[in-house]
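Novice: One structure follows; several queries about it will come next.
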Amino acid sequence: MDDIAGRRVLIVDDQAFIRALLRRCLVRLAVGEIREAENGADGLAELDTFKPELVLCDLNMPGMDGIEFLRLAATKAPQTPMLIVSGEDKRTLDGALRIARGYGLASVGAVAKPIEAERLTQAIARLQPSAEKSAAAARAMPRVGEADLAAAIERGQIAAVFQPKVDVANGQTRSVECLARWSHPMHGDVSPGIFVPLAENCGLVDRMTEAVVDAAARDMAPVFAAHPDLRCAVNFSFDTLGRSDAFAWISNALNRSGMPAERLIVEVTESRLGEDDRRTLETLARLRMKRVRVSLDDFGTGYASLARLEALPFDELKIDRGFVSGAAEAPAKRAILESAVALTKRMDLVSVAEGVETQSDLDTARAAGIDLAQGYLIARPMPADKLIAWLAR
Ligand code: C2E
Ligand code: CA
Ligand code: CA
């Protein structure tokens, strides 16, 4: 939540001194009206009458506990941001958070007791803006369709931006990842989260990828000239790699665009299960003979599994940002991060931490023994001309 000044806030907690403490913190944040409920049932009634814009809620309460309260609150006010304030341990808090999201609450967070103004403020700031806002943003999002995308590809409106992957030992940039961008002349920027699945579902993904490879080769040419060891990663959908002519098709794309094979890293991304690992295996093996490197993207999520790692010849493993961002404060994430890095060492793979957003993310990844880091802390994706300046800094 960006700003809670002047907003209506409801506190649901059975202990009077906790309510008083929270009230004091909230007053300092200049919230508008504050109401207190000493049990879940009263809290639910306040949802109807007081219509709070933020709810702070305890977990462990006699009678209706916090979980039950959140379940019922989700049916009454699913859009209202709710913050769990509890003395339970981290695992219980995380579990409660997951449960609350499962109830359909649009925006929930948790903060551990003892209550400190600082932590409370941060937790409130981290709450997603209410889903009404996100829904409004989604409505504002153009309903781009197949024809728009086909036309954009035809007209060269698919552009490339590049995000560095940096060696944590010495800060050197080893490679950059190319990310597709679509700026629609009327609708503005369309997110890859929208147009990549669209391309995959309507058979446009290969043409889109060709457009991206072309853009990358063209934009990166001057960067390559200045940096002889730099590589460029391009995202390839699993479907593309499983096509019977994928190797020839990628070779052609490289020849036509002029990107040298030894500069390319193929990042294998899959948004759905690939049907035929055998064909993909063939494509990847042949690409590697051409000195193309192969990277398994989003490791640890969805279909980027251990089985896949065993079946296909990878050079690099990108650990999904879900296990990197915030790993310092989340023991389970951290354990997964450390195990994944250990795995890369055993398998002689380059490890990349995605989604390094804070210094503590970077420190944690480094302590785990990561090779490369990528994320907003280091650099946001940028156009190639900015990249030249960035690399020179
Ligand atoms: P991805 O391959 O996992 O790419 C990383 C995404 O995370 C990018 O989002 C990037 O901007 C974002 N990111 C980078 N650093 C951070 C960070 O520190 N924190 C957070 N929260 N995010 C960070 P983007 O550009 O929106 O791309 C989303 C996805 O779309 C990509 O995920 C990839 O799967 C897909 N995509 C993008 N370009 C292409 C493409 O040319 N071809 C294919 N097949 N897929 C693409
Ligand atoms: Ca990627
Ligand atoms: Ca990724």
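The sequence shown maps to residues 39 to 431 in the numbering used here. Built from N, CA and C at the ideal position, the CB exists for glycine as well. Just so it is clear, the structure is predicted and the values come from calculations on it, not from any experiment.
Express the C-alpha separation of residue 145 and residue 275 in angstroms, rounding to a whole number.
Specialist: Along the sequence shown, one-based indexing puts residue 275 at 237. Along the sequence shown, one-based indexing puts residue 145 at 107. Approximately 31 Å between the Cα atoms of the pair.
Novice: How is residue 39 classed by DSSP in three states: helix, strand or coil?
Specialist: Sequence index remark: in the sequence shown, residue 39 carries index 1 (1-based). In this structure, residue 39 counts as coil in the three-state DSSP scheme.
Novice: So what does DSSP say about residue 117, is it helix, strand or coil?
Specialist: For the purposes of this step, residue 117 is identified with residue 79 of the sequence shown, where counting begins at 1. In this structure, residue 117 counts as coil in the three-state DSSP scheme.
Novice: Let me know if residue 400 comes out buried or exposed under the rule of 16 or more other beta-carbons within 10 Å of its beta-carbon.
Specialist: For the purposes of this step, residue 400 is taken as the residue at position 362 of the sequence shown. It counts as buried.
Novice: Quick one: does the C-beta of residue 218 sit closer than 8 Å to a heavy atom of ligand 1?
Specialist: Residue mapping note: residue 218 aligns to position 180 of the sequence shown, counting from 1. Residue 218: yes, Cβ under 8 Å from ligand 1.
Novice: Less than 8 Å separating the Cβ of residue 356 from some heavy atom of ligand 2?
Specialist: By 1-based counting over the sequence shown, the position of residue 356 is 318. Within the cutoff, so yes.
Novice: Out of 124, 129 and 297, state which residue places its alpha-carbon closest to the alpha-carbon of residue 152.
Specialist: In the sequence shown, counting from the first residue as 1, residue 152 sits at position 114. Ranking the options by Cα distance to residue 152, first place goes to 124.
Novice: Can you give me the Cβ contacts of residue 88 inside the same chain, cut-off strictly under 7 Å, excluding the 5 residues immediately before and after it?
Specialist: The sequence position of residue 88 within the sequence shown is 50, counting from 1. So the qualifying residues of the chain are 46, 48 and 73.
Novice: Would a C-beta distance cut-off of 9 Å place residue 162 and residue 67 closer than the cut-off?
Specialist: Sequence index remark: in the sequence shown, residue 162 carries index 124 (1-based). Sequence index remark: in the sequence shown, residue 67 carries index 29 (1-based). Against a cut-off of 9 Å, the Cβ pair of residue 67 and residue 162 comes out as a contact.
Novice: Counting beta carbon pairs with one atom in the stretch 320-333 and one in the stretch 268-285, are three or more of them shorter than 8 Å?
Specialist: Output reads yes: the stretch 320-333 touches the stretch 268-285.
Novice: Please report how far the alpha carbon of residue 429 lies from the alpha carbon of residue 422, in whole angstroms.
Specialist: In the sequence shown, counting from the first residue as 1, residue 429 sits at position 391. In the sequence shown, counting from the first residue as 1, residue 422 sits at position 384. About 10 Å.
Novice: Are residue 374 and residue 338 close, meaning C-beta to C-beta below 9 Å?
Specialist: Translated into the one-based positions of the sequence shown, residue 374 becomes position 336. Translated into the one-based positions of the sequence shown, residue 338 becomes position 300. Against a cut-off of 9 Å, the Cβ pair of residue 338 and residue 374 comes out as a contact.
Novice: Residue 128 by DSSP, collapsed to three states: which one?
Specialist: Working through the sequence shown from its first residue, we reach residue 128 at position 90. DSSP places residue 128 in helix when its eight states are reduced to three.
Novice: Go ahead and label residue 128 buried or exposed: buried means 16 or more other beta carbons lie within 10 angstroms of its beta carbon, across all protein chains shown.
Specialist: Numbered from its first residue, the sequence shown carries residue 128 at position 90. So residue 128 ends up on the exposed side.
Novice: Give the DSSP-derived three-state secondary structure of residue 296 in the structure shown.
Specialist: Within the sequence shown, numbered from 1, the residue matching residue 296 stands at position 258. Note: residue 296 maps to coil in three-state DSSP.
Novice: Measuring CA to CA, which of 389, 420 and 318 is closest to residue 205?
Specialist: Here the question's residue 205 lines up with position 167 in the sequence shown. When each option's Cα is compared against that of residue 205, the closest is 389.
Novice: Which value, in whole angstroms, describes the spacing of the CA atoms of residue 403 and residue 353?
Specialist: Residue 403 sits at position 365 when you count from the first residue of the sequence shown. Residue 353 sits at position 315 when you count from the first residue of the sequence shown. Going by the C-alpha atoms only, they are around 19 Å apart.
Novice: State the DSSP-derived secondary structure class of residue 352, mapped to helix, strand or coil.
Specialist: Position 314 of the sequence shown, counting from 1, holds the residue named residue 352. Coil, per DSSP.
Novice: Taking the straight line between their C-alpha atoms, what separation do you get for residue 210 and residue 200?
Specialist: Here residue 210 refers to the residue found at position 172 when the sequence shown is read from its first residue. Here residue 200 refers to the residue found at position 162 when the sequence shown is read from its first residue. In a straight line, the C-alpha of residue 210 is about 15 Å away from that of residue 200.
Novice: Does the beta-carbon of residue 203 have 16 or more other beta-carbons within 10 angstroms, so that it is buried, or is it exposed?
Specialist: Residue 203 sits at position 165 when you count from the first residue of the sequence shown. Result: buried.
Novice: Measuring from the CB of residue 419, is there a heavy atom of ligand 1 at a distance below 8 Å?
Specialist: Reading the sequence shown from its first residue, position 381 is the one you call residue 419. Checking every heavy atom of ligand 1 against the Cβ of residue 419, one is found closer than 8 Å.
Novice: If you pair each beta-carbon of the stretch 253-270 with each one of the stretch 228-239, do three or more pairs fall below 8 Å?
Specialist: Flag = no, the stretch 253-270 and the stretch 228-239 do not touch.
Novice: For residue 321, which residues of its own chain have a beta-carbon under 6 Å away from its beta-carbon, when the five flanking residues on both sides are left out?
Specialist: Stepping through the sequence shown from its first residue, residue 321 is reached at position 283. Contacts found: 279, 284 and 285.
Novice: Does ligand 3 have a heavy atom nearer than 8 Å to the CB of residue 184?
Specialist: Locating residue 184 in the sequence shown gives position 146, counting from the first residue. Residue 184 Cβ: outside cutoff for every heavy atom of ligand 3.
Novice: What's the gap between the Cα of residue 138 and the Cα of residue 368?
Specialist: As a first step, residue 138 must be located in the sequence shown, where it is residue number 100. As a first step, residue 368 must be located in the sequence shown, where it is residue number 330. Cα to Cα, the separation comes out at about 19 Å.
Novice: Taking 8 Å as the cut-off, is the beta-carbon of residue 274 closer than that to any non-hydrogen atom of ligand 1?
Specialist: For this step, residue 274 is matched to residue 236 along the sequence shown. Yes, ligand 1 has a heavy atom inside 8 Å of this Cβ.
Novice: When we look at the beta-carbon of residue 361 and count the other beta-carbons within 10 Å, is it buried (16 or more) or exposed?
Specialist: Within the sequence shown, residue 361 is the residue found at index 323, counting from 1. Looking at its Cβ environment, which holds 16 or more other Cβ atoms inside 10 Å, residue 361 is buried.
Novice: Quick one: is the Cβ of residue 335 within less than 8 Å of any heavy atom of ligand 3?
Specialist: As a working mapping, residue 335 is identified with position 297 in the sequence shown. Yes, Cβ of residue 335 sits closer than 8 Å to a heavy atom of ligand 3.
Novice: Tell me whether residue 307, by its Cβ, gets closer than 8 Å to a heavy atom of ligand 2.
Specialist: Position 269 of the sequence shown, counted from the start, is the residue given in the question as residue 307. Yes, Cβ of residue 307 sits closer than 8 Å to a heavy atom of ligand 2.
Novice: Give me the Cα-Cα distance between residue 308 and residue 349, rounded to the nearest whole angstrom.
Specialist: As a first step, residue 308 is located in the sequence shown; it is residue number 270 there, counting from the start. As a first step, residue 349 is located in the sequence shown; it is residue number 311 there, counting from the start. Each residue's alpha carbon lies about 15 Å from the other.
Novice: With distances taken between CB atoms, is the gap from residue 65 to residue 95 smaller than 9 Å?
Specialist: Taking the sequence shown and counting its residues from 1, the one referred to as residue 65 is at position 27. Taking the sequence shown and counting its residues from 1, the one referred to as residue 95 is at position 57. No, the pair does not count as a contact, with Cβ atoms beyond the cut-off.
Novice: Taking buried to mean at least 16 other C-beta atoms within 10 Å of its own C-beta, is residue 365 buried or exposed?
Specialist: For the purposes of this step, residue 365 is taken as the residue at position 327 of the sequence shown. The residue is buried, with at least 16 neighbouring Cβ atoms inside 10 Å.
Novice: Please look up how many angstroms separate the CB atoms of residue 305 and residue 357, rounded, as I've assumed it's under 8 Å.
Specialist: Along the sequence shown, one-based indexing puts residue 305 at 267. Along the sequence shown, one-based indexing puts residue 357 at 319. Not a contact, Cβ separation roughly 13 Å.
Novice: Compute the Euclidean distance between the alpha carbons of residue 281 and residue 91, then round it to the nearest angstrom.
Specialist: On the sequence shown, position 243 is the one that residue 281 refers to. On the sequence shown, position 53 is the one that residue 91 refers to. Between residue 281 and residue 91, the C-alpha separation is close to 51 Å.
Novice: Whose C-beta lies closer than 8 Å to the C-beta of residue 242 among residues of the same chain, with five residues either side of it excluded?
Specialist: Stepping through the sequence shown from its first residue, residue 242 is reached at position 204. 184, 187, 188, 191 and 236, listed in sequence order.
Novice: My understanding is that residue 141 touches residue 108, with C-beta atoms under 8 Å, so please give their C-beta distance in whole angstroms.
Specialist: Sequence index remark: in the sequence shown, residue 141 carries index 103 (1-based). Sequence index remark: in the sequence shown, residue 108 carries index 70 (1-based). Yes, they are in contact, since the Cβ atoms of residue 141 and residue 108 sit about 6 Å apart, within 8 Å.
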